Amino acid sequence: MTLYALHSRNASVVIEQPQAGAPVLRYWGARLSVTPDQRLWQRALAQSGLDERSELSIAPTLADGTFMEPALRCHVDGRHWAPQWHSQCETADAQQLAFKLHAVNGQIQLNWQLTLDADTDVLSIAASLTNLGPEPLLLDQWLTTLPLPVTMTEVMSFSGRWVHEFQPQRDRLPLGSLEYTNLRGRTSHDHFPGLLVSDRDFQPDDGSVYGFHLGWSGNHRQRLERSQLGHSQYQAGAHLLPGEVRLRAGEQFEAPTLYACRSEAGYNGIAERFQSFVRQHLLNLPDNPVRPVHINTWEALYFDHNQDGLDQLAAAGARVGAERYVLDDGWFLGRRDDSAGLGDWVVDPDVYPEQLHPLAATLKQQGLEFGLWVEPEMINPRSRLFEQHPDWVLDISGQHQPLARHQRVLDLTRPEVRDYLFDHLHALLDEYPIRYLKWDMNRDHVQAADAEGRAAGYRQTLGLYTLLNRLRTQHPKVEIESCASGGARMDFGILRYTQRFWLSDCNDAHERQIMQQWAALFFPAEVIGSHIGPPESHTTSRVHQDDVRIGTAFFGHLGIEWDIRTLDEAAFARMARGIALHKEWRPVLHQGIRHALDSGDDAQLAFAVSHNNRQLVSIFQQRMPTLAVGANLKFKRLVAGQTYRLKPLFEPEKTGHLMKQKPTWMSVENIEFSGAELMQVGLPLPVLDPDTLLVLALEPVHR
Ligand code: GLA
570 MTLYALHSRN ASVVIEQPQA GAPVLRYWGA RLSVTPDQRL WQRALAQSGL
620 DERSELSIAP TLADGTFMEP ALRCHVDGRH WAPQWHSQCE TADAQQLAFK
670 LHAVNGQIQL NWQLTLDADT DVLSIAASLT NLGPEPLLLD QWLTTLPLPV
720 TMTEVMSFSG RWVHEFQPQR DRLPLGSLEY TNLRGRTSHD HFPGLLVSDR
770 DFQPDDGSVY GFHLGWSGNH RQRLERSQLG HSQYQAGAHL LPGEVRLRAG
820 EQFEAPTLYA CRSEAGYNGI AERFQSFVRQ HLLNLPDNPV RPVHINTWEA
870 LYFDHNQDGL DQLAAAGARV GAERYVLDDG WFLGRRDDSA GLGDWVVDPD
920 VYPEQLHPLA ATLKQQGLEF GLWVEPEMIN PRSRLFEQHP DWVLDISGQH
970 QPLARHQRVL DLTRPEVRDY LFDHLHALLD EYPIRYLKWD MNRDHVQAAD
1020 AEGRAAGYRQ TLGLYTLLNR LRTQHPKVEI ESCASGGARM DFGILRYTQR
1070 FWLSDCNDAH ERQIMQQWAA LFFPAEVIGS HIGPPESHTT SRVHQDDVRI
1120 GTAFFGHLGI EWDIRTLDEA AFARMARGIA LHKEWRPVLH QGIRHALDSG
1170 DDAQLAFAVS HNNRQLVSIF QQRMPTLAVG ANLKFKRLVA GQTYRLKPLF
1220 EPEKTGHLMK QKPTWMSVEN IEFSGAELMQ VGLPLPVLDP DTLLVLALEP
1270 VHR
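In this text, residue positions in the sequence shown follow this note's numbering: the first is 570, and each later residue adds one.
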């Protein structure tokens, strides 16, 4: 028996490698100063069960006698379905442990590797299975598995749908299991591949919380299980369709990486760790890390592309402070509406007789970077590509395949399809000074089968990664946004090749406040595309004041999704001010950590972003205030002895409905308070009307 311990800033992991069998994770918790006595996990043996302890290993199989769902489900022509491991340690250094496990006389090999990030405490677990036997190994399931304390019973997962993404849902983990399975082929709106578990009701700054995320952009399954035997586990992996992974002699299956962290101080501890981890280890920003403000043509012009209109929008964008112009859907061959054209990635000469050169010239003149919308994985039956290659789609020959938004999915497992897409995108990137691709993906997979009729969901995702990787390698200065109808492909897997997500097609500030709050548990603000839409939302018809919409989009990677050519001077000035403030606060917004705040009013959504002792605090009144006058808002993460200058950046224009008089401090310009006052006594807030917003800025005063 050998013990291995890894330590990070706040966490330790202890893994025991027994004489025989698979390693067991014995401890994952607050940083240890001693290596615990092994007798501390030699638990009592219950009456009327097996005569030996059954351990929940890092790679459970049906051979274990834990009666829990195994990580591995496989067989060789109906045999070898309950493999028993022998393991050896391959690497054991300060932050990494790697084990090689063998079963079935060495015919099945598992490489399992755990890395504990020294700074952020995030665990990354990679695993791959190799068939070293002569016969094909049918792999039905690999779920990377981590044990949990049995006291973890509260679950927060994230569901949603188009224009209603990132909705938290709470479940209680019974003695039994909970399962979240995504079959949509892309990451999906309805089953985000990550969740939180806790030992009590979720609180921002209190309670033991575990956070998990699977870095995978295809079908996936997450499971939680608690058993009568006192075992509890979290499992996640790519969800494999029937017969999808059949490893011939020597072939390997690579599981998506599982990321996990824990916090003793509520879910803000998870947000802090994942936000920092993404920044430090996943996000690959080109030379200039400053996130440019976008102006996007979609909600401004939709398919109404003409040179004058495009030029005018560019001029208005530049005037208001935008830095990057994204030419959205509608520029390519035959794309006059959403029923045709996907697949034909050449500029439509009917609409653009001189190709995109005049637009490129306008953007250069206006000082705007050029971005372009594409949806490479898709094909419309009404396209030249489909006429030439009707067989290039994922389907089962002879079976009915539904369309979605008039489109079908190209088979990215075929190298010639990937080459076609690469060549066309490469040609565009070569010809024009395009620095940004908005990479969309607007439908789910149904019957995702390759040319032989074999399930292809897993390989399709790998094909996408291969294509993205090739493009990024060839064009390292070109950034890519993962769009997917807004929010349907947001995960750490795609983030290795992309720099931004389009969180939702819904720009309604009310909805965005909710989505942005929960997305912040996993992602830093600079990857969350967040645009200022028109006063009346195109997806909900809700109307919000300019400052509510500006002050909401302000907290992400900012953009404009609005026809601002026709704004009056006052509205123009409000936009320009908001964008200038965003640029001023960009270092805090895009390098700071976002934490949720509990304002004491359930009808409010509050949070703070802090960096280098500067802080922004946002309070959005979602519904009618619960009380006529609420409690003081207690700030967090300030320096107690530091004096801060406090000023509202965005506040409601009209306040007379629910409030006769504002709190006194609001009538003093640049008022100063100490960190101790703001954290211990708190700040009285104005009474806010529903759907209004208050954003406060705190700067340290240096005398
Ligand atoms: C999807 C995207 C939108 C827009 C349209 C264009 O819905 O999410 O932002 O690009 O496609 O067709």
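In this text, a Cβ means the ideal position worked out from N, Cα and C, and glycines have one as well.
These numbers were taken from a predicted model, which means no experiment stands behind them.
| Query | Result |
| --- | --- |
| For L765 versus L1064, is the C-beta spacing smaller than 8 Å? | no |
| Are the beta-carbon atoms belonging to L641 and Q678 less than 8 Å from one another? | no |
| With DSSP run on the structure shown, which of helix, strand or coil describes S1236? | helix |
| Considering only the beta carbon of each residue, do F1219 and D1116 sit closer than 8 Å? | yes |
| Pick out whichever of M1084, S1168, W914 has its Cα sitting closest to the Cα of E734. | M1084 |
| If you scan the region 809-860 from start to end, which runs of the alpha helix (DSSP H) of 4 or more residues do you find wholly inside it? | 836-846 |
| Give me the residue from N1182, L810, Q1114, F955 with the minimum Cα distance to A1024. | L810 |
| Does the region 930-947 touch the region 989-997, meaning 3 or more C-beta pairs lie closer than 8 Å? | yes |
| So within the region 880-916, which uninterrupted beta strand (DSSP E) runs reach at least 3 residues, ignoring any that extend past its ends? | 893-896 |
| For Q1190, which residues of its own chain have a beta-carbon under 6 Å away from its beta-carbon, when the five flanking residues on both sides are left out? | Q1173, L1257, P1259, T1261 |
| Where does W1154 fall in DSSP's three states? | helix |
| Counting C-beta neighbours from all protein chains within 10 Å, is the total for N788 16 or more, i.e. buried, or is it exposed? | buried |
| Which residue wins for smallest C-alpha separation from H1014, given the options P705, A632, T756? | T756 |
| Return the bridge partner residues of V978 from the DSSP annotation. | M947 |
| Using the rule of at least 16 other Cβ atoms within 10 Å of the residue's Cβ for burial, across every protein chain shown, is F846 buried or exposed? | buried |
| Which whole runs of the alpha helix (DSSP H) in the region 606-661 are 4 residues long or more, in chain order? | none |
| When we look at the beta-carbon of G940 and count the other beta-carbons within 10 Å, is it buried (16 or more) or exposed? | buried |
| Could you spell out the range, first to last residue, of the alpha helix (DSSP H) harbouring K933? | 926-935 |
| Whether or not the region 734-752 and the region 811-819 are in contact is what I'm after, with contact meaning three or more pairs of Cβ atoms, one per stretch, closer than 8 Å; do they touch? | no |
| Let's test the definition: count the other Cβ atoms within 10 Å of the Cβ of N837 and tell me whether it reaches 16, buried, or not, exposed. | buried |
| Quick one: residues in its chain with C-beta nearer than 8 Å to the C-beta of S796, no 5 flanking neighbours on either side, listed in chain order? | T635, F636, M637, L744 |
| Over what stretch of residues does the beta strand (DSSP E) that includes H1048 continue unbroken? | It is worth fixing the name first, because residue 1048 is Glu in this sequence and not His. Looking at the DSSP string, the run of the beta strand (DSSP E) that includes E1048 is 1048-1051. |
| In angstroms with no decimal places, state the Cα-to-Cα distance between L994 and W914. | 7 Å |
| Cβ of N680 within 8 Å of Cβ of A667? | yes |
| Which stretch, first to last residue, makes up the alpha helix (DSSP H) that contains G702? | Here G702 belongs to no alpha helix (DSSP H), and DSSP marks it neither H nor E. |
| To the nearest whole angstrom, what separates the beta carbons of H760 and Y828, a pair I think is in contact under 8 Å? | With 8 Å as the limit, H760 and Y828 do not qualify as a contact, their Cβ atoms being about 17 Å apart. |
| Going by the CB atoms, is the gap between T1121 and Q1086 shorter than 8 Å? | no |
| Helix, strand or coil for G780? Go by DSSP, reduced to three states. | strand |
| Can you give the Cα-Cα distance for D917 and D898, rounded to whole angstroms? | 12 Å |
| Between the C-alpha atoms of D1137 and H1100, what's the straight-line distance to the nearest angstrom? | 19 Å |
| What is the DSSP secondary structure of R984, reduced to helix, strand or coil? | According to the sequence shown, residue 984 is Pro rather than Arg. Three-state DSSP puts P984 in a helix. |
| Thinking C-alpha only, which one of R578, C1052, L870, A1175 is nearest R831? | R578 |
| Who are Y749's beta bridge partners in DSSP? | Q791 |
| Less than 8 Å between the C-beta atoms of A1139 and V889, yes or no? | no |
| Using a Cβ-Cβ distance cut-off of 8 Å, determine whether R1143 contacts chain C. | Judged by its chain identifiers, the structure shown contains no chain C, having just a single protein chain. |
| Should M1193 be labelled buried (16 or more other beta-carbon atoms within 10 Å of its own) or exposed? | exposed |
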